[in-house]
Every structure is written in structure tokens, then in C-alpha cells.
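Peer 1: Residue numbers for the first sequence follow our numbering, beginning at 91 and rising by one. Cβ atoms here follow ideal geometry from the backbone N, Cα and C, with glycine treated the same way. Please read through the structure below; I'll follow up with questions.
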Amino acid sequence: MPNQNVDLEKMRHSASHLLAAAVLELHPDVKFGIGPAIENGFYYDFDFKSPITDLDLPKIEQKMREIKNKKYVVSGRQVSIKEAKEQFKEQPYKLELISDLEKEGEKEIGTYTLGDFTDLCRGPHMENTSEIGEFKLTSLAGAYWKGSEKNKMLTRIYGVAFATKEELESYLNMLAEAEKRDHRKLGKELGLFVFSDLVGSGLPLYTFKGATVRKEILNFSNELQKDIGYQEVHTPNMNKADLFKVSGHYEKFKDDMFRVVSNYSKEEYYLKPMNCPHHTQIYASQKRSYRDLPIRIADFANLYRDEKPGELTGLTRLRCFCQDDGHAFCREDQIKDEFMNVLGAIKIALQTYKMEYRIRLSLWDENHREKYLGEPEVWEKSQKLLEEILVENKIDYSVGLGEAAMYGPKMDVLTRDSLGREWQISTIQLDFIMPKRFELTYTDSDGQEKTPIMIHRAIVGSPERFMGILIEHYAGEFPVWLAPVQVKILPVNDAMIVYAVALKKALEDENIRVEMDDRAESLGKKIRNAELEKVPYMIIMGEKEKESGKLAVRSKKEGDLGAIDLKEFLKRITKEIKEKQ
RNA sequence: GCCUCCUUAGUUCAGUGGUAGAACGGUGGUAUCGUAAACCAUAAGCGUCAGUUCGAUUCUGACAGGAGGCUCCA
């Protein structure tokens, strides 16, 4: 398998050169950016003299095929810096890359030629254009040169490429399938949440059903954090700017926070984008002894972030959301235990949701120290400590350079949505800095005042984002414990409603979320509706059931379960709910 | 915020330079029905604001909202 992957990457990379060659033929005055292979395909960044549109993609794709079929040999050559500069003198972006390489001490640079097109590239490539497999250009996007907002925006053309036509088609089919489980689509179909232009973008309104799912997620997180000693607190949604001036958020995130103006005071207020500063003030409200530590508090308060409009998506990126957020204030010798406790809770959560994930050790970027608070020594120390915890506990992880929080390194849990995009969910963060800035202290056993360490953590991250990911994960078919409606009772005719009502009451007494479909519709239609609503259990109430006293149960997963005693059904469903199956 | 694209009833979708149809859903009625859609009737809409035009839902622009990227994500 690994070899095949390497070949695919090489082939996709060659496909990006093929794309560039085709674009050059159609737009001779184009300037080239870069064009790497990516997951499932490739892209190339161009600077067009006049903008192109979606309609140009088929033409370019056609040209790519023509060039491919000419069976050009793809030949690599090392050239001197000087020669490269001469060769690419019409290409400003390439010249910039050549200068960068020169600064890095390179003496020679690789080039690859394919027909009339030569690109700056270290390769490797397929030997002949005919070896490039099946491809399709998929979309057009703007992308900043070298990934910086300060640079010019180039036009990026994305494509997908596979070895065979079958693989390409199966990938495109997979995408079409993924679209069906998109949480924005399912959220609407299942009536979980809505948006309103009057309320504003990124501000979801949860219906009773959606609010029920959200509440279950919160309850579960709360259960898990209670088990490891966290106490739920409640703090306001806004505060004076001063709080964020002390924490350092004001300077760094001022533009990303909503400002609130009072009619009566000159004080500047902000809606809070996170809970940590508030929690420091609960800690600071009393004298703390080393014996009191760790102090663990958790908060589900709404958070507000003034995200740029183009950054919002469904429930995964919002302007109002909450976190199953908690902070532990502890002594240095307690850090490892605290970490492992939280990690344990996170593992239970993700196992219960049957979620796949990976762990990232998020470190700072030494070359951009301005993005972080605190001294390098503190960073060295805390990053080393975090890494130790991961290694000692044999936890698989990858390193995310520059992904640290402003105040410290993190251990992040990432998962994917149905389109394969990665999202951060759980996180545990080590912070030596915030407690210092807020001058938090405790009295140690030797009578000395010392500064506690702060651990920031979230079990599923933002329950709203997590709900979006869960909807896609389950394709809308929630396990019974999460399902907004767990049982739907379907009376066969009006005469059965009275028995259905009694049954509904009996189930509600056991805290089961139950609905009754007493509309004057056919049974077939009621069943169809309940199926589309993805209700885990249907109970059909008719003459037969009235006579026998048994229940006709239909399970979403297993189909018709036949006649069951009420007691037996209750046992089954309450067990499933309790065990979160 | 930037690039490309999109916006027609509550929803999913047709359609036109001379102001629009379907299905489901809603409402009113008839049928009381056994494991994925009973039947009849009925109400309801061209995102907003400008411009071009005799006339704009249709063409152009701005704004709003949405999609895919980029940037950002405490």
C-alpha cells in the first residue's frame, strides 16, 4: 500500500504540471505560483491577467487531455541559480522562490519540462504524460500567495486525480454520498436547528429536538467531568475590557470580540469569547492553600466571537456557541495527574460516541514569538512536560508547529467531518502564564506564596460543533440516548388513541422521550414519517395489541421486533439509554 | 475580510425580457386504515435596494444570506 500511495502522490503532482501546461497554452500571459499534490488530487495557483470563471474549467480540462495524449516525456534537469533566474525571468513568483532557495544556500535548482512547459520543481514526476491517470478539475478558489493575507490573492484551480476511471468515479460518488449526511442538510430535514436572517449569521436557533440533543451532549460531559472532580460554575456573558487587558486577550483578540456599549458608563465592555479569565477571578476570590489544590471548575456559558463572515459554516464555526470548558488550578507536582484524569474522561467520551480521532501536540512557533505570551524558558518547560506525558503514556501523536494557544502548548483531539475536513474537538492546555498575569497565588506547605498552574480543558470542545460532527457521524441516526424522540407511538386508528395515550404516559414515567402520531393518516404514512425522522423505536397500537396487551415494536436498526411485553421493552430501552449504546 | 459560484412557495426543485408551475408540507373536507406516501379541494413565492428597458423574477451593480476555498480560529 505505501508504495502505491507514493505513486499516486507523484502522479497527482504531475497532473498539477499538466494543468499548468494547459493553462499556459490557453492563457500565454499567465504567471505561475505553485502546484503541489494534495489528498485526492492537486491544485495550482495562477495569476491571470483577466479573471477566469467556472466555465473555463472544462476548456482547461480538455486541453489537459490533449497534452496528456501527446505522450510527452517529463524530463528533469538541475540548473544553476543564475540559469534559473534567466529561464524564469518572466515569472515573478518563480523568481521569488528562486531567491528564497538561494538564501537557503542552494546552488542548483530542479526544473521539469513537459512539452513546451518548464516548471521550477524538485520532482519527482511520472516519466511520461500518458502515465498520468484520470482527473477532473473541481473548483476555483482564491488563495493568497505564500499563504499570507498581506500578499496578492492568486487564482487556485483544484482537481482530483486517481489511477483509474473507476477509482475517480468511486471517489466522486463518495463525495455525493457525504453530501447527503451534511449536518446542515440533515439539521434542516430533521428539524434540529435553524438560522434566521433577522437574528444573524453564525447564530443558530435550536428547536426543541436540537436543544434536546445538545443538552444530552452537555449532560454527558458534565457527568464525565464530575467524575474527575470538576464543579460547574456560572459566569456572565460579558465583562469589562479590563479583564481582557490583564489576560492579554485584549491586545491580541480585540478585533475578534463583540464590543458592548453601556448607555450609562464610559466603561468598555466585551462579550466574552472564552471563560478562562472569569475563572481566574473565582480562584482569586479567596486565599488558597496548597491543600485546596487542584481547584477544578467548569462552565457551559455562551461564548461570542466576531468571526469574519466567510469563516462561518453550519454548526462547526459559529459566532455564538459554548464549550464544555473547565479549568484546573494546580501545583506543579499535580500537572501529570490532572492531565491524565482529563485525558481519561475524553477517551470515555469519544469511545461512547464511537468517534475516530487523532491527537496533536500543538507547540508554539519560535519564529513568531509575537503571537505568544511569556518567556521562551517557560515555553520550553511546558512543551517538554506535555511531550513527556504523551510519551510516558504511549499515546500516538503528531506535532502541530505554531498551533499552540497564546498562553501555552496544547494537546488537541482532531476528528473529521463527512467531507474529510479536520476539526478540533477536545483539548487539554498547559498554562504557566495566565495565573501570573492575574497574580494568582496559593500558600505552600513552607508558608511561601506560590503561583498555581492553570490547565484549560474541554471534553468535546464546543458541544454545538460536536453536534454538527455527530450528525454527520451518525448520518442523522442518533443512538437512543441522544435521539430527540426515542419512541414514536402510532395508533392504527382513532379508536386506539386512548390506549396510545396511556402507553405514552407509561413510557414518559420512565423518562423516555416519546411522541404519538395521532393524525388521521394511514399507518403506512405514519411509519414512513417516523422512518424519515429516524426515530429509533416505533410502537404500533392497534386492535391486536389492545387484545393481547403486548407491544408491536419496530426498531430502526433491526426492523420488526414482533410482540413484546411493555416490561421487556422498557428493560431493553432503558438499558440502551443508560449504557449509551 | 478576500476569490469563484449560488439565492424562485415552509421544503425540494421546474421555468420565462411581457410578473410563474410541480411534489411534499400547511389549511378545509371525505375515508378509520396493520409495517415506507388514501382521496378531493384550497392558500402560499421570484432575497433586498438601485440601474438599463416601453416593460425586469429574468440583464447590470450594490447589499444581505448561503456553498467551496484562502486567511483566521483564544
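Mind checking who residue 546 pairs with in its DSSP beta bridge?
Peer 2: Partner(s): 417, 519.
Peer 1: Taking its Cβ as the centre, do 16 or more other Cβ atoms sit within 10 Å of residue 295, making it buried, or is it exposed?
Peer 2: Exposed, because fewer than 16 other Cβ atoms sit within 10 Å of the Cβ of residue 295.
Peer 1: Hey, quick one: how far does the alpha helix (DSSP H) through residue 373 stretch, first residue to last?
Peer 2: That run of the alpha helix (DSSP H) goes 366-373.
Peer 1: Return the chain-ordered list of same chain residues with a C-beta closer than 7 angstroms to the C-beta of residue 181, the five sequence neighbours on each side being excluded.
Peer 2: If we look at residue 181 and ignore the five residues flanking it on each side, its Cβ neighbours are 121, 122.
Peer 1: Measuring alpha carbon to alpha carbon, tell me which of 159, 229, 554 ends up nearest residue 218.
Peer 2: The residue with the shortest Cα to Cα distance from residue 218 is 159.
Peer 1: I need the straight-line Cα distance from residue 204 to residue 402, nearest angstrom please.
Peer 2: In a straight line, the C-alpha of residue 204 is about 41 angstroms away from that of residue 402.
Peer 1: Taking DSSP's pairing of strands, which residues face residue 650 in a bridge?
Peer 2: Answer by DSSP bridge pairing, in chain order: 644.
Peer 1: Report the rounded CA-to-CA distance for residue 683 versus residue 152, giving the unit in angstroms.
Peer 2: Past the edges of the chain, shown from 91 to 671, lies residue 683, and the structure says nothing about it.
Peer 1: Looking only at its own chain, which residues have a Cβ that is under 8 angstroms from the Cβ of residue 607, when we skip the five neighbours before and after it?
Peer 2: Taken in chain order, the residues that qualify are 578, 579, 580, 581, 616, 619, 620.
Peer 1: Measure the alpha-carbon distance for residue 223 versus residue 445 and round it to whole angstroms.
Peer 2: Cα to Cα, residue 223 sits roughly 34 angstroms from residue 445.
Peer 1: Is the stretch 374-390 in contact with the stretch 345-363, if contact means three or more CB pairs nearer than 8 angstroms?
Peer 2: They do not touch, by the three-pair rule.
Peer 1: Give the straight-line distance between the Cα atoms of residue 363 and residue 451, rounded to the nearest whole angstrom.
Peer 2: Approximately 23 angstroms, taken between the alpha carbons.
Peer 1: How big is the Cα-Cα spacing for residue 145 and residue 227?
Peer 2: So the two alpha carbons sit approximately 11 angstroms from each other.
Peer 1: State buried or exposed for residue 143, treating a residue as buried only when at least 16 other CB atoms are found within 10 Å of its CB.
Peer 2: Result: exposed.
Peer 1: Any idea what DSSP makes of residue 630, helix, strand or coil?
Peer 2: It is a strand residue.
Peer 1: Since residue 625 contacts residue 311 with CB under 8 angstroms, what's their CB separation in whole angstroms?
Peer 2: Actually they do not touch by this definition, with Cβ atoms about 25 angstroms apart.
Peer 1: Out of 298, 553, 293, 292, state which residue places its alpha-carbon closest to the alpha-carbon of residue 281.
Peer 2: Per the Cα distances, 298.
Peer 1: Could you tell me which of 658, 630, 639, 326 sits nearest to residue 672, measuring between CA atoms?
Peer 2: Nothing about residue 672 can be read from this structure; the chain reaches only from 91 to 671.
Peer 1: Under 8 angstroms, with one C-beta from each stretch per pair, do the stretch 396-411 and the stretch 378-385 reach the 3-pair mark?
Peer 2: No: the two stretches stay apart, fewer than three of their Cβ pairs being nearer than 8 angstroms.
Peer 1: On the CB-based measure, 16 or more other CB atoms within 10 Å of its CB, does residue 208 come out buried or exposed?
Peer 2: It counts as buried.
Peer 1: Per the contact definition of three or more C-beta pairs closer than 8 angstroms, is the stretch 458-468 in contact with the stretch 425-432?
Peer 2: With a cut-off of 8 angstroms, the stretch 458-468 and the stretch 425-432 do not count as touching, because too few Cβ pairs lie within range.
Peer 1: Can you give me the start and stop residues for the beta strand (DSSP E) that residue 250 sits inside?
Peer 2: Taken as a continuous stretch (DSSP letters only), the beta strand (DSSP E) holding residue 250 covers 243-252.
Peer 1: State the Cα-Cα distance for the pair residue 168 and residue 214, rounded to the nearest angstrom.
Peer 2: Between residue 168 and residue 214, the C-alpha separation is close to 13 angstroms.
Peer 1: Determine, using beta carbons only, whether residue 439 and residue 320 come nearer to each other than 9 angstroms.
Peer 2: Taking 9 angstroms as the Cβ cut-off, residue 439 and residue 320 do not qualify as a contacting pair.
Peer 1: Please state the DSSP three-state secondary structure of residue 321.
Peer 2: In the structure shown, residue 321 sits in a strand (DSSP, three-state: E or B).
Peer 1: Using a Cβ-Cβ cut-off of 6 angstroms (strictly less than) and excluding sequence neighbours within five positions of residue 92, which residues of its own chain qualify?
Peer 2: Its pLDDT being 38, under 50, residue 92 is placed unreliably in this model, and the value from its coordinates should be taken loosely. Cβ within range, chain order: n/a, list empty.
Peer 1: Report buried or exposed for residue 104, applying the criterion of at least 16 other Cβ atoms within 10 angstroms of its Cβ.
Peer 2: That one is buried.
Peer 1: Measuring straight from C-alpha to C-alpha, what distance separates residue 375 and residue 519?
Peer 2: Using only the alpha carbons, I get a separation of about 23 angstroms.
Peer 1: Starting from the C-beta of residue 61, find all residues in its chain whose C-beta is less than 6 angstroms away, skip the five residues before and the five after it, and write them out in chain order.
Peer 2: Lying before the first or after the last residue shown, residue 61 is absent from the chain, which here runs from 91 to 671.
Peer 1: Count Cβ pairs between the stretch 248-255 and the stretch 226-240 that sit closer than 8 angstroms; are there 3 or more?
Peer 2: Touching, per the Cβ criterion.
Peer 1: Bridge partners of residue 168, per DSSP?
Peer 2: DSSP lists 200 as partners of residue 168.
Peer 1: One question on the structure: do residue 80 and residue 245 come within less than 9 angstroms of each other, judged by their Cβ atoms?
Peer 2: Nothing can be reported for residue 80: it is not among the residues displayed for the chain, which extend from 91 to 671.
Peer 1: Over what stretch of residues does the beta strand (DSSP E) that includes residue 577 continue unbroken?
Peer 2: Its beta strand (DSSP E) spans residues 577-581.
Peer 1: When you compare each of 595, 254, 241 to residue 97 by their alpha carbons, which one comes out closest?
Peer 2: The shortest C-alpha separation from residue 97 is found at 254.
Peer 1: Can you tell me the Cα-Cα spacing of residue 638 and residue 652, whole angstroms?
Peer 2: Spanning the two alpha carbons is a distance of roughly 12 angstroms.
Peer 1: Starting from residue 461, follow its DSSP beta bridges and name the residues at the other end.
Peer 2: Per DSSP, none; premise fails for residue 461.
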